[in-house]
Each structure stands twice: as C-alpha cells, then as structure tokens.
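Visitor:
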Amino acid sequence: MNIMQRSKRAGLIGTVCAVLAGLGLSGIIGASVPAAQAEETGSITVNFVVDKTDNKGNVVKDEAGENVKTAVAGATFKLYQIGEWNGAEGRYDPIGAFKDGVFNQIGVAGNDGGTITITQIMGATSSQLRGLAKTLHNYIQQTNGTGGNIEELKSGVTDANGTLKFDGLGRGLYLVDSPIHKVETTTAQGKKVTTSYEASYSLVALPDVNGDDPMNVTIHPKKNPATGLNPIHVKKVWKNDDPNTRPKSVTVSLWMEGQDKRLDFAVLSAENNWTHVFDNLPVGDRYFVVEDNVPDGYHVFIDEDIINPETADFTITNSKPEKPTKPEQPTTPTTPTTPTSQVTPGKPARTGADIAVVAIMAAAAIGIAVVLILEVRKARAREKK
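Here the numbering used here is used: the first residue of the sequence shown is 344, the next is one more, and so on.
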C-alpha cells in the first residue's frame, strides 16, 4: 500500500470515527478517541507577610494610617500529605500514618449534623479547617514525641520576599505546618531582643474548587504569639452523646514544642467540671495540649484561643456523629384537581415536528456513517488484490 492509499484510508477512518463518536456509536468498529492524560500536578505557595511591629510590639503605621507590611524571611515550613483524592467516593483517603490511631478520630460536628474529618472536609468553615489543622499539628508532635516517626513530605524556608513554593504535588489534602520562628531585633540602646511566634497552620486541598487556579494555591499564614509562662487553661466539651454512657473521666497532657516527653497531665471529670489549669510552667516558646486515648466512637477536636502572648485557653471537644432520623412514612397522594386557570410553562413542550426533525438528522448522520464504512471496506478489499 503506497503513501497516498494510506493517507486516503486514514482520512476515511478518521472521518468515520469522528461521525460515530459524535453519535456515541464508535463501538461499531472498535474505534475510540485517545483520552489518556498525564497525571496533573500542582503547587502550594506560602506567602509569609505580616504587620511590622516596633520593639514594644506595636504595629507600625504609614502616613495614611495603614499597617506597614514586612516579609518574613528564613521561616521554616513543613508540608505533610494527609490524604489522596478519591474521585469515585468524593473524599480524601488518608495515607501513611494518618490512616490509623488517633488520626482516624480527628473531627468536629458539622453545621448540617454530619461530621467534618480529615477525609470529609466538604462544607467545613474556615474556623473548622483551622481547628483541624491545629489538632493535626498537636497529635503529630505528640506522636513523634512518644517514639513515632511522622516525616514531612517536603520542607523549606521562606526567601527575602517571605515566599516558599512546594511544587510537584498531586491531588490530595495537605497540612502546611511551621515550627516556632524567632526574630532578633536591637533596641535604640543596643539591647538585643528575641521575639518568638508561630505561623498559623493551614489545611490545603488540591485542587481548590474555589480558587482561580485550582491546582496552584497560595496561602497567607498569620503570625501568632507563642504561649508563655502564665497558666494554660483546658476545658472538655461533650457533644451529641448520652451523658449516661460517656466516659467517667479523660486524661489530657501538656506538651512543650520540641520536647520528647509531656510536661504534665490532668484527669478531667464531672468532679472538676471537666476543666484544669496548668500553672508554674517552665520557660518555653509554645505549649499545647492533647487528649490521651480518645474514647471509642468519639471524634476529637482541639481549639486554641490565645488570650495574650503569654497564655491560652484550650477547648477539647469530643463528639459523636448524629444518628440519621428515621424517614416518615409517605402518605397516600390525593387525586389532583383540574386547574381552573392556564399556567404558562417555563419551557416549550417538545412537539412531534421537533422529534421528526431530530429523527431525520439522526438517520442522515447514520446513513453518512454507513457510506463511509462501506468505502473503508472497499479500500481494504482493493489492497488485498
């Protein structure tokens, strides 16, 4: 078969495939249009720009009274992949260490009666996402401090513009985490002052369905003061459960960022109103709390309210998913009454003429396809002679 014959045959087959594909009939001759696509990757960019402060911690203003911004260079960020996107189920499947143990119990009651977890974040509010990120951070720190080894996927430091980019990321759920960042300044008197603070944690989904560029997301972490020496308050809250069947007590632990063992613990129960105060604390940059041995059947969610640069209130919520309500028995429909007035339809009804036109067009298209198939077969027969 010469080049011209090959070209003619390829053109006929291509035309047949195009027509049949448009009709949804490409299976007739086993033809299909290639739909293979390379795995899509994206990125998460950290833009760490904060309000500039003076040596006394006051925000610096410009001539127009607006806050002066400054880029934070040299800040370390870590990226953990929490889950992979499961399009068939419409959720994120946890991977690695996040499939087991307490990570399976991290969650908070949603506004619709369901539960927001690290695999089901659809419908979560921004505050719920921040709480999930903080809870994940706390339990990662506790796990690594008790002999575990949860490693980050990537890590890096911000450049002079306060920017750090994590690229080559697949579809999934990610935690952008950051250890304590220290900034050293010098007063007018020449005294060096070190300020410690942390960047807010972020839970990021790729793709971001609300973003302009869904697979390339930019986040803007906030600067939070590190908790200091004043008492740390802890409160336990129960939600969607039966007080008669809940545990009689739970244990919460106090940790310091970077330490490999807990500093203290407390047993919360109805006798102390499910509250405790940790005081007389050693000097440290950041304290956090976790609940040890989350009760079976409950989710755990840790919310932190920083009162001032030296203290914070922690609320640990245990919740149970709400049981679905039993649907009501459907009632027997009543016989419809004849309308007294004519109602204008929202869309015109499809008439017999419309259907006939569609049928004629379909028949014509199929006829063309049949002719083309016969031409292909004749060409093949000539080639064999």
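Ideal Cβ placement from N, Cα and C applies to all residues, glycine included.
In this text, all values refer to a predicted model and were calculated from it rather than measured experimentally.
I'd like the span of the beta strand (DSSP E) that includes T475, first residue to last.
Guide: Note that residue 475 is Leu in the sequence shown, not Thr. From DSSP, L475 is part of no beta strand (DSSP E) but of the alpha helix (DSSP H) over 469-488.
Visitor: Going straight from the alpha carbon of G400 to that of K525, what length do you get?
Guide: Straight-line Cα distance between these residues: approximately 14 Å.
Visitor: Identify every residue that forms a DSSP beta bridge with Q424.
Guide: Paired residues: Y517.
Visitor: Please list, in chain order, all residues of the same chain as K565 whose beta carbon is under 8 Å from its beta carbon, the five residues on each side excluded.
Guide: Around K565: V393, A542, S543.
Visitor: In the DSSP output, which residue or residues are listed as bridge partners for V403?
Guide: Note: V403 sits in no beta bridge, so no partner.
Visitor: Can you list, in chain order, the residues of its chain with a C-beta nearer than 8 Å to that of L611? Leave out the 5 residues immediately preceding and following it.
Guide: Counting only Cβ-Cβ distances below 8 Å, and skipping sequence neighbours, we find V577, K579, S592, V593, T594, V595, W617, T618, H619.
Visitor: Rounded to the nearest angstrom, what separates P625 and G408 at their Cα positions?
Guide: Approximately 39 Å between the Cα atoms of the pair.
Visitor: Under 8 Å between the Cβ atoms of E495 and Y435?
Guide: Contact: no.
Visitor: Between the alpha carbons of K604 and Q485, how many angstroms are there, rounded?
Guide: Distance between the alpha carbons of K604 and Q485 is about 8 Å.
Visitor: Can I483 and D628 be called in contact, C-beta distance under 8 Å?
Guide: Contact flag unset, no.
Visitor: For the beta strand (DSSP E) containing G450, list its first residue and its last residue.
Guide: Residues 450-452.
Visitor: Excluding the 5 residues flanking P590 on each side, which residues of the same chain have their C-beta closer than 8 Å to its C-beta?
Guide: Taken in chain order, the residues that qualify are P638.
Visitor: Is the CB of N615 under 8 Å away from at least one CB in chain D?
Guide: Structure shown: chain D not included; a single protein chain is present.
Visitor: Is it buried or exposed, Q471, if we count other Cβ atoms within 10 angstroms and call 16 or more buried?
Guide: The residue in question, Q471, is buried, as its Cβ has 16 or more Cβ neighbours within 10 Å.
Visitor: Just how far apart, CA to CA, sit G385 and L549?
Guide: Cα-Cα distance, rounded: 7 Å.
Visitor: For P664, which three-state DSSP category applies?
Guide: Note: P664 maps to coil in three-state DSSP.
Visitor: Can you check DSSP and say which residues form a bridge with A414?
Guide: Answer is V392, bridged to A414.
Visitor: Let me confirm a value: I575 is counted as buried when at least 16 other C-beta atoms fall within 10 Å, else exposed. Which label applies?
Guide: Per the 10 Å Cβ criterion, buried.
Visitor: Rounded to whole angstroms, what's the CA-CA distance from A452 to V415? Just pull it up for me.
Guide: Rounded to whole angstroms, A452 to V415 spans 35 Å at the Cα level.
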